[in-house]
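Please read the structure below before turning to the comments.
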Amino acid sequence: MPEYKLTGRMRRVVNLSSRFQARDPDSLSDDLINNINKMNISRRDARRVLCHSDKTTVSTFVIPITGGAVTGYYFSDPRLSALTGLIPLTIFCHGGGWVFGNMEFYTIFLKHLSEVTESAILLIDYRLAPQAKFPTAVEDCYDALLWAAEGAKYWKVDPDRIFIAGDSAGGNLAAVTAMLARDRKGPQLAGQILFYPITDCRLRTQSMIEYKDSPMLNEKMLSFYVKNYAREPKDILSPMFSPLLATDLSRLPPALIITSELDPLADDGKLYADALNEAGTKANALMAKGAYHGFMPYKDAPGRLQGECAARQFIAGRPVENVQLITERELKRQKQKF
0 MPEYKLTGRM
10 RRVVNLSSRF
20 QARDPDSLSD
30 DLINNINKMN
40 ISRRDARRVL
50 CHSDKTTVST
60 FVIPITGGAV
70 TGYYFSDPRL
80 SALTGLIPLT
90 IFCHGGGWVF
100 GNMEFYTIFL
110 KHLSEVTESA
120 ILLIDYRLAP
130 QAKFPTAVED
140 CYDALLWAAE
150 GAKYWKVDPD
160 RIFIAGDSAG
170 GNLAAVTAML
180 ARDRKGPQLA
190 GQILFYPITD
200 CRLRTQSMIE
210 YKDSPMLNEK
220 MLSFYVKNYA
230 REPKDILSPM
240 FSPLLATDLS
250 RLPPALIITS
260 ELDPLADDGK
270 LYADALNEAG
280 TKANALMAKG
290 AYHGFMPYKD
300 APGRLQGECA
310 ARQFIAGRPV
320 ENVQLITERE
330 LKRQKQKF
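Those letters in the sequence shown? Residues 0 to 337, by numbering that gives the first Met the number 0.
Structure (structure tokens):
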């Protein structure tokens, strides 16, 4: 088994992460999960640990979905739209094992990501398990995509540059939403961006065995998430639950998949990219070396700068197969050589 050596900065990341996605399922109750999802983030943590932006504005929308409504949080920089005209739009499905989802945490992160990628982002506050079982979350995300595609003309975003994205379980939801858009003849997506997604909920990969005790995500919590999201055990074999098990992965939007090395889900992203490419869908899986699961929101986490740069390259129009996992400084240095 690997030996995890955490720096002081990374230890702060792990400590904050554990407050918003508990590591021990035996200690969780419905009340505790609800409290975690509504927990406020201190100004100190927001500035010291999380990526932060003061330029991006936030608007809140009520999004109609089958059986009710969910909240959407729209992040954009009005000055960017004024300067460049139509900007890309990214629909974002948050992580948290389909169980957790603190909107204040994701607001801080996605305001920053919106600024970095020079795109608008719509965060979907989909209904959570265990109260809302599979496939509620993905149907909420698909309904939100339909709503957003229709509303794009009012937001000064480019209807031809709508992306679907997500992290962890949100990466799972983004991948399945892209499949539903194809199968139901929904909006044409420009691409999908999957940060360390879970794509095979049988939890059998080699990385699952090797990194089962990783400090940011462990096997015990993954089993808890899958159990709480599923209505019954056989659900995990559905392509809408485990997209890697889909029999048809052709004709999907190009996929940028960012994985983390020290992560039980590392193989999920790589295997999904391989399956997409074999089916004729362009996909590029890039592994952040020395990175742990869930690294993107944390400013001191290894892999964060490279992950942001990769997402920006893809959203800016670079073909997915040419996207590189490098920093902005390294990318500029490359351009200066030519």
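Positions of the beta carbon are idealized from the N, C-alpha and C atoms, including for glycine.
Just so we're clear, the structure is a prediction, and the values are computed from it rather than from any experiment.
According to DSSP, residue i sits in a beta bridge with which residue or residues?
i: Ala119; result: Leu88
i: Gly67; result: Ile64
i: Asn283; result: Leu255
i: Gly190; result: Phe162
i: Tyr343; result: Look at the range of the chain in this structure, 0 to 337, and you will see that residue 343 is not part of it.
i: Leu49; result: Tyr297
i: Leu261; result: Tyr291
i: Val156; result: Ile86
Just to confirm my understanding: we take residue i, look at its own chain, exclude 5 residues before and 5 after, and list those with CB closer than 6 Å. What are they?
i: Asn171; result: Pro196, Ile197
i: Ala282; result: Ala254, Ala272, Leu275, Asn276
i: Pro129; result: Asn227
i: Met207; result: Pro263
i: Leu324; result: Leu285, Gln305, Ala309
i: Leu49; result: Ile107, Pro296
Check the Cβ-Cβ distances between residue i and every residue of chain B, and say whether any is below 8 Å.
i: Gly71; result: The structure shown contains no chain B; it holds only a single protein chain.
Just the Cα atoms here: how many angstroms apart are residue i and residue j?
i: Leu82; j: Thr55; result: 15 Å
i: Thr135; j: Gln335; result: 48 Å
i: Ser17; j: Arg78; result: 36 Å
i: Leu145; j: Thr59; result: 17 Å
i: Glu117; j: Pro87; result: 8 Å
i: Arg160; j: Glu2; result: 42 Å
i: Met239; j: Met220; result: 21 Å
i: Ala164; j: Ile90; result: 6 Å
i: Gln187; j: Thr258; result: 25 Å
i: Ala177; j: Ala310; result: 17 Å
i: Asp76; j: Ile314; result: 16 Å
i: Tyr210; j: Phe162; result: 30 Å
i: Asp199; j: Asn217; result: 15 Å
i: Ile235; j: Ser241; result: 6 Å
i: Ser113; j: Val57; result: 11 Å
i: Pro301; j: Asp29; result: 33 Å
i: Met215; j: Leu270; result: 21 Å
i: Gln333; j: Val61; result: 44 Å
i: Tyr291; j: Ile64; result: 34 Å
So which of the options has the shortest CA-CA distance to residue i?
i: Asn33; options: Asp25, Gln20, Thr258; result: Gln20
i: Leu193; options: Gly84, Lys331, Gly71, Leu285; result: Leu285
i: Asp53; options: Leu109, Glu138, Leu121; result: Leu109
i: Ala180; options: Glu103, Gly100, Glu209, Cys140; result: Cys140
i: Gly84; options: Asn39, Ser28, Pro158; result: Pro158
i: Val115; options: Cys92, Gly302, Lys132, His51; result: His51
i: Cys92; options: Asp247, Gly289, Gln191, Met207; result: Gln191
i: Asp44; options: Gln312, Glu307, Ala177, Pro296; result: Pro296
i: Glu231; options: Leu248, Arg203, Lys132, His111; result: Lys132
i: Lys233; options: Pro24, Gly268, Arg201, Asp212; result: Arg201
i: Asn36; options: Val13, Arg11, Thr106; result: Thr106
i: Ser237; options: Val137, Tyr291, Gly268; result: Val137
i: Ser249; options: Leu15, Asp182, Val61, His292; result: Asp182
i: Leu243; options: His111, Ser80, Arg203, Ala229; result: Arg203
In its own chain, which residues sit with a C-beta less than 7 Å from the C-beta of residue i, not counting the 5 before and 5 after it?
i: Arg8; result: Asp299
i: Tyr224; result: Gly96, Trp97, Val98, Ala168
i: Gly66; result: none
i: Gln343; result: Since the first residue shown for the chain is 0 and the last is 337, residue 343 is missing from the structure and cannot be characterised.
i: Lys288; result: Glu260
i: Pro24; result: Lys219, Met220, Phe223
i: Gly100; result: Asn36, His93, Asp124, Leu127
i: Val13; result: Leu5, Pro214, Met215
Looking only at its own chain, which residues have a Cβ that is under 8 Å from the Cβ of residue i, when we skip the five neighbours before and after it?
i: Gly185; result: Tyr141, Leu144, Leu145, Ala148, Leu179
i: Leu27; result: Ala21, Phe223
i: Leu304; result: Thr326, Glu327
i: Asn39; result: Glu103
i: Val322; result: Leu255, Asn283, Leu285, Ala309, Gln312, Phe313
i: Leu330; result: Cys308, Gln312, Gln323
With a threshold of 8 Å, are at least 3 pairs of Cβ atoms found where one atom belongs to the stretch 143 to 161 and the other to the stretch 267 to 277?
Taking 8 Å as the limit for Cβ pairs, the verdict is that the stretch 267 to 277 does not touch the stretch 143 to 161.
Three or more C-beta pairs under 8 Å: does that hold for the stretch 61 to 74 against the stretch 118 to 133?
Touching, per the Cβ criterion.
Are at least three pairs of beta-carbons, each pair with one atom in the stretch 250 to 266 and one in the stretch 301 to 318, less than 8 Å apart?
Taking 8 Å as the limit for Cβ pairs, the verdict is that the stretch 301 to 318 does touch the stretch 250 to 266.
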